[in-house]
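83 is the number of the first residue of the sequence shown in the numbering used here; add one for each residue after it. By construction, the Cβ of each residue, glycine as well, lies at the ideal position given by its N, Cα and C atoms.
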Amino acid sequence: MNPEQYQFIKQILEKVYDIEANKQLPFIEESCQSRPELIPIIVEMLEIGQSEQAKKLDKPAIHNHITNIGLHNVKNDEILPKGTSINDYIIIEQIGSGGMGNVYSAKQSFPAERTVAIKLLKSIPDFRFFESESHMLAQLNYPNIATLYEVDKTPDGQYFIAMEYIDGDNILKWCDTQNLDVNSRIKLFQQLCSGISYAHEKGIIHCDIKPNNVLITEINGNPVVKIIDFGISRLESQNDTENSLAGTPTYLAPEVLSNPKVVDTRRDVYALGVLLKKLLAGDHSDELKSIANKATAFNKQERYASPVSLSFDLSRYLNNKPVRSHKYNWYQLSVLFIRRNFTVVIFSMVLLLSLIIGFIAQYQQAELAKQQSQAAQLAQKEAEEISEFLIELFNVANPEKNTNEITTPENLIHRAKSKLLAIENPDLTDAGFMHTIGNIYTRMEKLDDALEIINSSLKIKQSKLPENDPSIISDKIQLGLIYRKTGKPEEAEKQLLSAVDLIHSQAIENSLQLSTCYNALGNLYIAEEKFSEANKYHEMALEIRKRIDDKEAIAESYNNLGVINNNLKNWKLAAKYYYLSLDIYNQIHGENHPFIATLKNNLALIEEQNFNWQKSEDLLSEAWINWQYAYGENHSNTITVKRNLALFYNRRMEYDRAIEIYDLILSAYEKVNDKEKLAKYNSMKAQSYAKKEEFHKANQFHQHAIDLTSDLALSEKYLYNKLRSQYAQTLISQNKFEEAKVLLNEALKYLEENHPKNNYMRLYTLNILADLYSHQHEYQSAIDLYNEVIGLINSNQSSYQLRRINALIGLGKIYREQTQYQKSEDLYLQALHLNQSIYGESHKTNGIIYFEIGKVKLEQNNLKGAEDYLNKALKIQEIALPQNDKDLLATQQLLDSLKRNVKKY
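Right, dumping it as structure tokens:
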């Protein structure tokens, strides 16, 4: 089939769909009088298209991922009534139907309350293929792709698929209803390209891109593309070998007609091009026509290689840059340049006019013009230097200049750094570039590179500028940030306080820089747990930012104050600041901005403290999606929220879910062979297995974590000792006391040789060793260690006070065992009051302490006192702990025994 025949067939099909069924064949025959050989092909394609339409009810806005997979062991084709239960789902109504199964909306209550779409499947000719494809589709976790939640079967063996329920119109209808302009339509289309590109990266071709498979839903007032029906071609081909032309005829690429088994990315690119033409129907620019024509080229080699390339050309169009698919003359290029650089062009014209006026003015005016001219020449020289540097830098991206080097953003940054540092006599322009590259390195967390180039920038500026010049101060602030991130708080503080002094020495203080510097100092003190100092600097930063009305900076300050109050356990005040920050950021950037993810992560911790478990989990999950969308799955911010969600699941006793997340994190660090992080997360994974009482696996992962750190530098041995202490706790749970003692003594030996006696890690390890002695009934050794911990604590930081609380509880248990009941109760009450002052009345540790005091009262035969304390414990534990938590169950059991007046404890 040649291009002319293909276009002829397409034109016939586009018209015939609008004709009544009994008139379609006569229309085809009449239209093909000169080409009768094409009639069978057109009729076949028409039948396939009509078959596809017959699969849908009159509700095109609701779809599912897989349209043509059937059901196993279905007994009839009855429509399920409202309220029917399918495992964890309750049917609401039927929303679609096809030859292979019915589609319903349904309510799911667990693990999340949500509306889903359920597809019941009639037959599965190749279950292994179905299972494999379903697993692949379930991996498509992307904001613009409707999510496949579950593939399962009912108790009677009927297979079904649960997927995201999308309530929205198809992209063409939505754009027309909203009366969107061309640029807005293009931006929506780019969301579609992004989703298709993500699927291609996962090895999945859509094969049926068309308007009804591209839905628009609104999230917080913003339109979001949701793509459905992935993998239709390969899945349908397993069900119906005769229906080899799976897909919608109008959107089928030409090569599919001659070889229906052709499935590659350019098949989707073709369909995207057809959809783009429909989306931009009417008068539009030659550039857009050329982009759509390139996407729908008859020969697939002439199309865009991927949706990314197609979207890139559309971005160039939106930014008034030449697109690759169009040939321009000099006039068109000039127009694009002026559109793109309108401000610069106007400025240049104004400058030229000023110079002309200056030449005809009086002598004083001429002198002023001369000075302006000199300034303009300096600016031009600097612009030329910048231009030359960028041209040379980006020559690496030009195939004619370089064919060996792989072009990535990181490669370009490294190339820029090398060129800048190689300059023999760098000037201020070079220093400005260095500062920018240093900022980029800091964001990329390439901190050694950032430190090197920022120091070079600072050295140049200090040799050429006054010491309190704003650009010097900017470098010092940046160095403060880098030193904080690299664990050098003293150096960070030195640079930042120096920057503050320089700002104060200016004739007119730079308020914006001062607020930035205060903010950086506040963050440094947060990292150091010096919350009083942190609060002071963040309050000062907020005051300045309110004065200059910098809304984004105000939102940042509110968040930082929320972090401080979160650490101080002022939950209500922390939540207030977080929600103030969230409100501002939503107004400025919308819900997908990375900082929104930061706030959601922080708010999740607050909601958990308020026992809003589902809200906390939802916020963490949303933060994960936002960060992954913004930074990628392996960025430290994404990993941080993954870790927080894993810890949340541990606290909720959902250990398998925690382990799954730890595996994702470990996979990321295995790619870069980060032994320190691998050790840390192997140990965390081991602790989850220990809580499941799968001790064999726990021991394996603990030992692996220790082995990973065996060759670390001495400065990193701190982690090595923490891992040993954590492993010892797991061994104590197995009553392997001697093995645990060896690990703890080795850890303590290193800590005592290299750190002060009141080092936090040493106190942590001493408490564990004391617990071990208590388990072995070596009470005097345990008492001595607990008292040593209490005596060494001279800090009010909550992390240190937690060590004191643990020691007091440990002593209380020993004295109860020794029947020194009053002493035991006094120690418990000390621990209780301290814990309440830090964490509030409803903290789970308070429940543990109330339980222990209840046992003391019971052993004294004070049944009323015992019941009172046990009820206090139960009140806290019922809201703070999962229903199957062992502490909660122990309290319930003891209360039941007490009510039967039987001592069982």
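Going by Cα to Cα distance, which pick from L334, L956, V754 is closest to Q975?
-> Closest by alpha carbon: L956.
Q190 bridges to which residues according to DSSP?
-> Beta-bridge pairing links Q190 to Y171, R196.
Entirely within the segment 667-732 and at least 4 residues each: give me those alpha helix (DSSP H) ranges in chain order.
-> Secondary structure in the segment 667-732: the alpha helix (DSSP H) runs of 4 residues or longer, each lying completely within the stretch, are 676-691, 695-713 in chain order.
C-alpha distance - Y661 paired with Q696, whole-angstrom precision = Between the alpha carbons of Y661 and Q696 lies a gap of roughly 18 angstroms.
Alpha-carbon to alpha-carbon, I101 and C257 | Linking C257 to I101 through their CA atoms gives a straight-line distance of about 25 angstroms.
How many whole angstroms separate the CB atoms of N684 and N716, which I take to be in contact at a CB cut-off of 8 angstroms?
-> Contact doesn't hold; Cβ gap of about 22 angstroms is too wide.
Neighbourhood of Y333 by C-beta distance below 8 angstroms, restricted to the same chain and skipping five residues each side = Correct list, in chain order: D290, I291, K292, Y352, A353, V356, L357.
According to DSSP, is Q577 helix, strand or coil?
-> Q577 falls in the helix class under three-state DSSP.
Under 8 angstroms, do L867 and A852 count as touching if we go by C-beta distance?
-> A Cβ-Cβ contact shorter than 8 angstroms links L867 with A852.
V296: which of I287, V338, H784, N252 sits nearest, CA to CA?
-> Shortest Cα-Cα distance from V296 to any of I287, V338, H784, N252 involves N252.
Would you decide whether G239 is buried or exposed? Buried here means 16 or more other CB atoms lie within 10 Å of its CB.
-> Exposed.
Alpha helix (DSSP H) containing K543: first to last residue?
-> Start and end: 529-546.
Would you tell me roughly how many angstroms separate the C-alpha atoms of K137 and V306, rounded to the nearest one?
-> The predicted position of K137 is uncertain, since its pLDDT is 39 and thus under 50; a value taken from the coordinates is nonetheless stated next. The straight-line gap from Cα to Cα measures roughly 26 angstroms.
Validate contact between the segment 662-670 and the segment 695-709 using beta carbons, cut 8 angstroms, 3 pairs = Touching, no.
Tell me the DSSP bridge mates of Q883?
-> Beta-bridge annotation (DSSP): Q883 is not paired with any residue.
Which residue comes first and which comes last in the beta strand (DSSP E) that contains M245?
-> M245 -> beta strand (DSSP E) spans 241-246.
Unbroken stretches of the alpha helix (DSSP H), 4 residues or longer, contained in the segment 611-644 | If we require 4 residues or more, the alpha helix (DSSP H) runs fully inside the segment 611-644 come out as 613-629.
Return the chain-ordered list of same chain residues with a C-beta closer than 8 angstroms to the C-beta of P163, the five sequence neighbours on each side being excluded.
-> Leaving aside the five residues that flank P163 on each side, the residues in its chain whose CB is nearer than 8 angstroms to its CB run, in chain order, I173.
Through-space distance from N605 to R629, alpha-carbon basis = Whole-angstrom Cα-Cα distance: 21 angstroms.
Where A972 sits in the DSSP three-state scheme = Residue state, collapsed to three classes: helix.
Sequence-distant residues of the same chain with beta carbon closer than 8 angstroms to A750, five excluded per side = Within the same chain, A750 has close Cβ partners E715, N716, I721.
State the beta-bridge partners of P305 as determined by DSSP.
-> Answer is E300.
F933 vs T901 beta-carbon contact at 8 angstroms | Not closer than 8 angstroms, so no.
DSSP state of S770 mapped onto helix, strand, coil = Here S770 sits in helix by DSSP.
What are the start and end residues of the beta strand (DSSP E) that includes Y231?
-> Per DSSP, Y231 is one residue of the beta strand (DSSP E) stretching across 230-235.
State buried or exposed for A589, treating a residue as buried only when at least 16 other CB atoms are found within 10 Å of its CB.
-> Exposed, by the Cβ-count rule.
Output yes if chain E places a C-beta closer than 8 angstroms to the C-beta of I522; else output no.
-> No chain E appears in this structure, which consists of one protein chain only.
Residues in its own chain within less than 6 angstroms of V582 by CB, not counting five upstream and five downstream?
-> Only residues of its own chain outside the window of five on either side were considered, and among them C599 have a CB closer than 6 angstroms to the CB of V582, listed in chain order.
Going by DSSP, what residues sit across from N252 in a beta bridge?
-> Beta-bridge pairing links N252 to L297.
Which word fits F693, buried or exposed, when buried means at least 16 other C-beta atoms lie within 10 angstroms of its C-beta?
-> By the Cβ neighbour-count rule, F693 is exposed, with fewer than 16 other Cβ atoms within 10 Å of its own.
Pairwise C-alpha distance: I931 and L977 = Going from the Cα of L977 to the Cα of I931 covers about 15 angstroms.
Residue(s) in a DSSP beta bridge with L396 = As far as DSSP is concerned, L396 takes part in no beta bridge.
Best match in Q769, I636, I555, P237 for proximity to Y659 [C-alpha to C-alpha] = Answer by Cα proximity: I636.
Helix, strand or coil for I646, going by three-state DSSP, please let me know.
-> Helix at I646.
Just how far apart, CA to CA, sit I110 and Q93?
-> So the alpha carbons of these two residues sit roughly 11 angstroms apart.
Buried or exposed: which applies to A686, given that a residue is buried once 16 or more other Cβ atoms fall within 10 Å of its Cβ?
-> Around the Cβ of A686, a 10 Å sphere holds 16 or more other Cβ atoms; the residue is buried.
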